[in-house]
Amino acid sequence: MNKLRALVTGGAGFLGSHLCDALLGEGWSVVVVDNLLTGRAANLAHLQNDSRFELINKDICEPFDPGKVDFVFHFASPASPVDYMMHGIPTLKVGSLGTFHALDVAHKYGAKYLVSSTSECYGDPLEHPQKETYWGNVNSIGPRSVYDEAKRFTEAVTMAYHRYHKVDTRIVRIFNTYGPRLQLNDGRVISNFMKQALRSEPLTVYGTGNQTRSFCYVSDEVDGFLRLAKSSEHLPVNIGNPNEFTILECAQQVIKATGSKSKIAYEPLPQDDPKQRRPDITKARQLLGWEPKIQLEEGLRLSLDYFKNAVADKSTATR
Ligand SMILES: NC(=O)c1ccc[n+]([C@@H]2O[C@H](COP(=O)([O-])OP(=O)(O)OC[C@H]3O[C@@H](n4cnc5c(N)ncnc54)[C@H](O)[C@@H]3O)[C@@H](O)[C@H]2O)c1
1046 MNKLRALVTG
1056 GAGFLGSHLC
1066 DALLGEGWSV
1076 VVVDNLLTGR
1086 AANLAHLQND
1096 SRFELINKDI
1106 CEPFDPGKVD
1116 FVFHFASPAS
1126 PVDYMMHGIP
1136 TLKVGSLGTF
1146 HALDVAHKYG
1156 AKYLVSSTSE
1166 CYGDPLEHPQ
1176 KETYWGNVNS
1186 IGPRSVYDEA
1196 KRFTEAVTMA
1206 YHRYHKVDTR
1216 IVRIFNTYGP
1226 RLQLNDGRVI
1236 SNFMKQALRS
1246 EPLTVYGTGN
1256 QTRSFCYVSD
1266 EVDGFLRLAK
1276 SSEHLPVNIG
1286 NPNEFTILEC
1296 AQQVIKATGS
1306 KSKIAYEPLP
1316 QDDPKQRRPD
1326 ITKARQLLGW
1336 EPKIQLEEGL
1346 RLSLDYFKNA
1356 VADKSTATR
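In this text, residue positions in the sequence shown follow our numbering: the first is 1046, and each later residue adds one.
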């Protein structure tokens, strides 16, 4: 039996809670530190009777000490456009102060460390697809900058702790991920479309719908995190599905998966909305032997029951 203990900041969120499941599945003990700003204790309710699991309700922008841990997975941060626009300053704080505190825990206990960064670091990219070596095209003062710049700063602090304090760090640049536990009202493409389709409302497409995105199913994404955690790569690694869809194609796939009669409604493009986003995953393939297995059609099918329940559940429908 593995006696290792992992800290997951932001473990009550969408990705963090799936990561907790995967770590427990591999025999780890897990302590989550989360202030439930955008996450939900319900995402972890199934773990409450597991003696290897603990949830601490705390804001990591204040210094914290969860006791000895062997690995720090730093996932705390509002992540969806709706959340980081609503919580702009907390987003900047958790990316900066929160990251210092998570790294301080790793430094204190000699723990390994992996931080969730984002494809948003590439901004509205001038290179396509995006390789890890691309430095990005980010507007530092636009409305999305509270998230994009927080994450770029997160990467900078992480590399500094690696260089100056020799912390054994890893950085994963996550591209759009979806699946069960994705918040219903978080403004992300899949949750928006699923909700609208299941309510027989028109699916809102911004601009012409020809902007592209790639969508990774959550189990593939978490598999990438675990492989990176076991590697000794300190520079960023993209983990995402390189299969690219226009937003319009995605809307059509959701309509098909749900069997909905919904139509498409067009609205103006928000400021700084990236036109294209697709990971180059050559590095993950070569270094980690990772690639996604679940494509959009199957992933939507696997997510359908969750979204049906979430649409029916008044407590999640209001978030
Ligand atoms: N889901 C995606 O597609 C995606 C894409 C790129 C990057 N990411 C990154 O992955 C991480 C997790 O994203 P998610 O989709 O699970 O988001 P989420 O909002 O579901 O989860 C984030 C969690 O962090 C917690 N949190 C926020 N501020 C905190 C603070 N100050 N102290 C303690 N806890 C705090 C929230 O309560 C929540 O439980 C984030 O760092 C995000 O930037 C996600």
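Positions of the beta carbon are idealized from the N, C-alpha and C atoms, including for glycine.
Note that this is a predicted model, so its numbers are computed, not measured.
### Query
Around the C-beta of Q1093, are 16 or more other C-beta atoms found within 10 angstroms, so that it is buried, or is it exposed?
exposed
### Task
Quick one: grab the DSSP three-state call for Y1158.
In the three-state scheme derived from DSSP, where H, G and I count as helix and E and B as strand, Y1158 is classed as strand.
### Query
Say the cut is 6 angstroms; is the CB of V1139 nearer than that to a heavy atom of ligand 1?
yes
### Bounding residues of the alpha helix (DSSP H) (the contiguous stretch that carries D1128)
Going by DSSP, D1128 is part of the alpha helix (DSSP H) stretching over P1126 to M1131.
### Message
With distance defined between alpha-carbon atoms, name the residue in G1058, H1207 and D1265 nearest to S1277.
### Response
H1207
#### Entry: Distance between beta carbons of L1314 and Y1251, contact taken as under 8 angstroms
5 angstroms
### Reference N1080, options L1064, E1177, V1053 and Y1192, closest by Cα
V1053
### Task
Give me whichever residues DSSP pairs with Y1251 in a beta bridge.
E1312.
### Message
According to DSSP, is T1083 part of a helix, a strand, or is it coil?
### Response
coil
### Task
Using the DSSP secondary-structure output, state which residues sit across from N1182 in a beta bridge.
Answer is G1168.
### Task
Return the chain-ordered list of same chain residues with a C-beta closer than 6 angstroms to the C-beta of V1115, the five sequence neighbours on each side being excluded.
This sequence places Asp at residue 1115; Val is not what is there. Here the set comprises L1049, R1050 and A1156.
### Cross-strand partners of C1261 (DSSP beta bridge)
T1222
### Task
Compute the Euclidean distance between the alpha carbons of I1300 and T1327, then round it to the nearest angstrom.
32 angstroms
### Message
For P1126, which residues in the same chain have their Cβ closer than 6 angstroms to its Cβ, ignoring the five residues on either side in sequence?
### Response
G1232
### Query
Since F1238 is in the alpha helix (DSSP H), which residue starts that stretch and which ends it?
V1234 to L1243
### Query
Going along the chain, which residues of its own chain have a beta-carbon closer than 6 angstroms to the beta-carbon of V1076, five neighbours each way excluded?
L1052, E1099 and P1111
### Query
Looking at D1104 and ligand 1, is the gap between the Cβ and the nearest heavy atom below 6 angstroms?
yes
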